[in-house]
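Peer 1: To start, I am sharing the structure in question, which I have written as structure tokens.
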Amino acid sequence: MKLSVFASLVVVPSSVFGLLDQKIKAKGKVYLGSALDPNTFNDGAVRPVAISGDFGAFTPENSGKWDTTEPARGVFNFTNLDALVNFATSNGKIVRGHTLVWHQQLPAWVQAIRDSNTLTQVIQNHIATEVGRYRGRIFAWDVVNEIFNDNGTFRTSVFFNLLGENFVDIAFRAARAADPNAKLYINDFNLDGPGPKIDALIALVGRLKSRGVPIDGIGSQSHLILGQVGGVAGQLPRLAATGLQVALTELDIRIQSPVTTQKLQQQQNDFNTVARACISVPNCVGITVWGISDKNSFVDSTFPGFTAPLLFDRNLQRKPAYNGVDAAFS
Ligand SMILES: *[C@@H]1O[C@H](CO)[C@@H](O)[C@H](O)[C@H]1NC(C)=O
Ligand SMILES: *[C@@H]1O[C@H](CO)[C@@H](O)[C@H](O)[C@H]1NC(C)=O
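Residue numbers (mature numbering (1 follows the signal peptide of the UniProt record, and there is no 0)): -18 to -1, 1 to 312.
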């Protein structure tokens, strides 16, 4: 019996699933990533999708935030962040660190600080300890997160109240000292449309560069709403024109309940539009979706009435949205 018949059946289909990360790399990008943490990768349904070829990078969804990593001054807990970093690296994935200076999930002891010298030391020690621990193992960090109001003013926080804009300089310099090779990002939401917020962020980046502050990238979170994604393609090039690298760092596209076939189709188109926006901007290095499946998204609890913002459904089945991203990379 001749076996050649079997050889002739080895056909590579034009559309192979499970390879989104390879496909975005073939477009010259660095990664397609997802938010992840032990609670999700220890889920037996999520885990195989996480380690599949669809994802090449993970961002700790919560385990890197201040309230988790330094719940009391000088008392650090890296149990969950260690687990996430070990899970990623043992599966051949890279890690985006998130996040060092943020006004939320910030312990009360930091918010209670009332003098600038103490706060400076606390920021420096927090960053030296967290970034230093993963030196060489975390390729990028969101150093400051959500520091602007939508009207372009600095958000009121203990950091801005005591240190003014200088808290940004302090944070970036501390991060560079702790890991000279990590890419250091400013990260924010609502950078998907024109207005005072993105203007203020771009202006700050210019001041930071003129002061020699070590900043490498701008993260546009891209928590988007179905049918309202058209601004990304216009604004991402503006962020890239700063000369820094850019990334979509927390992409999801939430649907107002009830979810219908038509809305899922719209979501496919929307994900395709957003993914192509990154592909077409040379210094957009990657896209991170904010979770693997709809069953673990923060959207349902944070935006009541909205749901189903990701690429995989609650049963870890690929949605039309997945096909929209796949098409953008193909
Ligand atoms: C450190 O964090 C882990 C995970 O959240 C928790 O289970 C553990 O109790 C914490 N350790 C201490 C000493 O608080
Ligand atoms: C900008 O927005 C913040 C937060 O909503 C608000 O507190 C502040 O008064 C606003 N400033 C101006 C100049 O509108």
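Note that beta-carbon positions come from the ideal geometry of N, C-alpha and C, so glycine has one too.
The model shown is predicted, which means the values in this text are computed figures rather than measured ones.
1) When you compare each of G15, G(-1), Y13 and N62 to N24 by their alpha carbons, which one comes out closest?
2) Please classify D170: is it buried, with 16 or more other beta-carbons within 10 angstroms of its beta-carbon, or exposed?
3) Note down, in chain order, each residue of its chain lying with its Cβ closer than 6 Å to the Cβ of D308, except the 5 sequence neighbours on either side.
4) For residue 322 and G268, what's the separation of their Cα atoms in angstroms?
5) Quick one: what does DSSP say I200 is sitting in, helix, strand or coil?
6) Do S275 and T231 have their CB atoms nearer than 8 Å?
7) Identify whether W272 lies in helix, strand or coil by the three-state DSSP scheme.
8) Using a threshold of 7 Å, is the CB atom of residue 338 nearer than that to any non-hydrogen atom of ligand 2?
9) So what does DSSP say about R155, is it helix, strand or coil?
10) If you draw a straight line from the alpha carbon of F60 to that of Y167, how long is it in whole angstroms?
11) Taking residue 378 as part of the alpha helix (DSSP H), name the residues at either end of that continuous run.
12) Report all residues from its chain with a CB closer than 8 Å to the CB of G209; omit the five preceding and five following residues, and keep chain order.
13) Three or more beta-carbon pairs under 8 Å between the region 130 to 143 and the region 61 to 80, yes or no?
14) Using a 10 Å radius around the Cβ and a threshold of 16 neighbouring Cβ atoms, would you call L(-16) buried or exposed?
15) Beta carbon of N143: closer than 7 Å to some heavy atom of ligand 2?
16) So is the beta-carbon of N131 under 7 Å away from any non-hydrogen atom of ligand 2?
17) Considering only DSSP beta bridges, list what A229 is partnered with.
18) Given this structure, state the Cα-to-Cα distance separating R300 from V12, to the nearest angstrom.
19) Please list, in chain order, all residues with a C-beta atom less than 6 Å from at least one heavy atom of ligand 1.
20) When the Cα atoms are used, what is the spatial distance from V104 to R55?
21) Based on DSSP bridge pairs, tell me the residues matched to Q238.
22) Looking at ligand 2, does it come within less than 7 Å of T135, judged from the CB to the closest heavy atom?
23) Kindly indicate the opening and closing residues of the beta strand (DSSP E) around G79.
24) If you draw a straight line from the C-alpha of C266 to the C-alpha of I197, how long is it?
25) Return yes when the Cβ of D3 is within less than 8 Å of the Cβ of L18, no when it is not.
26) Closest to I33 by C-alpha separation, out of K245, F69, K165 and K179, would be which residue?
27) Output the distance between the C-alpha atoms of G10 and L101, rounded to the nearest integer angstrom.
28) Could you compute how far the alpha carbon of F58 sits from the alpha carbon of V214?
29) Got a sec? Which residues, its chain only, sit under 8 Å from Q217 by beta carbon, not counting five neighbours each side?
30) My assumption, with CB atoms under 8 Å, is that T270 sits in contact with R119. Please give the rounded CB distance.
Peer 2: Let me spell this out:
1) The residue given as residue 24 occupies position 42 in the sequence shown. Nearest C-alpha to N24 among G15, G(-1), Y13 and N62: N62.
2) Stepping through the sequence shown from its first residue, residue 170 is reached at position 188. Around the beta carbon of D170, 16 or more other beta carbons lie within 10 angstroms, which makes this residue buried.
3) Start at 1 with the first residue of the sequence shown, and residue 308 comes out as number 326. Excluding positions up to five away in sequence, the list is empty.
4) What is shown of the chain runs -18 to 312, which leaves residue 322 out entirely.
5) Sequence index remark: in the sequence shown, residue 200 carries index 218 (1-based). DSSP, reduced to helix, strand and coil, places I200 within a strand of the structure shown.
6) Here residue 275 refers to the residue found at position 293 of the sequence shown. Here residue 231 refers to the residue found at position 249 of the sequence shown. Going by C-beta atoms, S275 is not nearer than 8 Å to T231.
7) For this step, residue 272 is matched to residue 290 along the sequence shown. Of the three classes helix, strand and coil, the one that applies to W272 here is coil, per DSSP.
8) Summary: the structure shown does not reach residue 338, with the chain confined to residues -18 through 312, and so no result is reported for it.
9) For this step, residue 155 is matched to residue 173 along the sequence shown. Correct three-state label for R155: helix.
10) Along the sequence shown, read from residue 1 onward, the residue named residue 60 stands at position 78. Along the sequence shown, read from residue 1 onward, the residue named residue 167 stands at position 185. About 21 Å.
11) Residue 378 lies beyond the stretch modelled for the chain, which goes from -18 to 312, so this question has no answer here.
12) Taking the first residue of the sequence shown as 1, we reach residue 209 at position 227. Counting only Cβ-Cβ distances below 8 Å, and skipping sequence neighbours, we find Q248 and D252.
13) Counting C-beta pairs with one atom in each stretch, the region 130 to 143 and the region 61 to 80 have fewer than three that are closer than 8 Å, which means they do not touch.
14) Taking the sequence shown and counting its residues from 1, one reaches residue -16 at position 3. Caution is warranted here: a pLDDT of 44 is assigned to L(-16), below 50, making its placement in the model unreliable, and the coordinate value is therefore given only provisionally. Here L(-16) is exposed: its Cβ has fewer than 16 other Cβ atoms, across all protein chains shown, within 10 Å.
15) Locating residue 143 in the sequence shown gives position 161, counting from the first residue. Not a single heavy atom of ligand 2 lies less than 7 Å from the C-beta of N143.
16) Counting from 1 along the sequence shown, the entry for residue 131 is found at position 149. N131: yes, Cβ under 7 Å from ligand 2.
17) To locate residue 229, count along the sequence shown from 1; it is residue 247. Note: A229 is bridge-paired with G201 and G268 in the DSSP secondary-structure output.
18) Translated into the one-based positions of the sequence shown, residue 300 becomes position 318. Translated into the one-based positions of the sequence shown, residue 12 becomes position 30. When rounded, the distance between both Cα atoms is 22 Å.
19) With the cut-off at 6 Å, the residues found are N59, T61 and N62.
20) Against the sequence shown, residue 104 aligns to sequence position 122. Against the sequence shown, residue 55 aligns to sequence position 73. Those two C-alpha atoms are separated by around 8 Å.
21) In the sequence shown, the residue the question calls residue 238 occupies position 256. In DSSP, Q238 forms a bridge with F288.
22) Taking the first residue of the sequence shown as position 1, residue 135 is located at position 153. When distances are taken from the beta-carbon of T135 to the heavy atoms of ligand 2, the shortest one is below 7 Å.
23) Indexing the sequence shown from 1 puts residue 79 at position 97. Segment I76 to W84, the beta strand (DSSP E) holding G79.
24) For this step, residue 266 is matched to residue 284 along the sequence shown. For this step, residue 197 is matched to residue 215 along the sequence shown. C266 and I197 have their C-alpha atoms spaced approximately 15 Å apart.
25) Here residue 18 corresponds to residue number 36 of the sequence shown, with the count starting at 1. Here residue 3 corresponds to residue number 21 of the sequence shown, with the count starting at 1. D3 sits away from L18, with the two beta carbons spaced by 8 Å or more.
26) In the sequence shown, residue 33 corresponds to position 51, counting from 1. When only C-alpha atoms are compared, the closest one is F69.
27) Taking the first residue of the sequence shown as position 1, residue 10 is located at position 28. Taking the first residue of the sequence shown as position 1, residue 101 is located at position 119. Computed Cα separation, rounded: 41 Å.
28) Here residue 58 refers to the residue found at position 76 when the sequence shown is read from its first residue. Here residue 214 refers to the residue found at position 232 when the sequence shown is read from its first residue. A straight-line Cα-Cα distance of about 38 Å links F58 and V214.
29) Taking the sequence shown and counting its residues from 1, the one referred to as residue 217 is at position 235. If the five residues before and after Q217 are omitted, its C-beta is found closer than 8 Å to the C-beta atoms of L173, D174, G175, P176, I180 and S202, all from its own chain and listed in chain order.
30) By 1-based counting over the sequence shown, the position of residue 270 is 288. By 1-based counting over the sequence shown, the position of residue 119 is 137. The Cβ separation is near 17 Å, so there is no contact.
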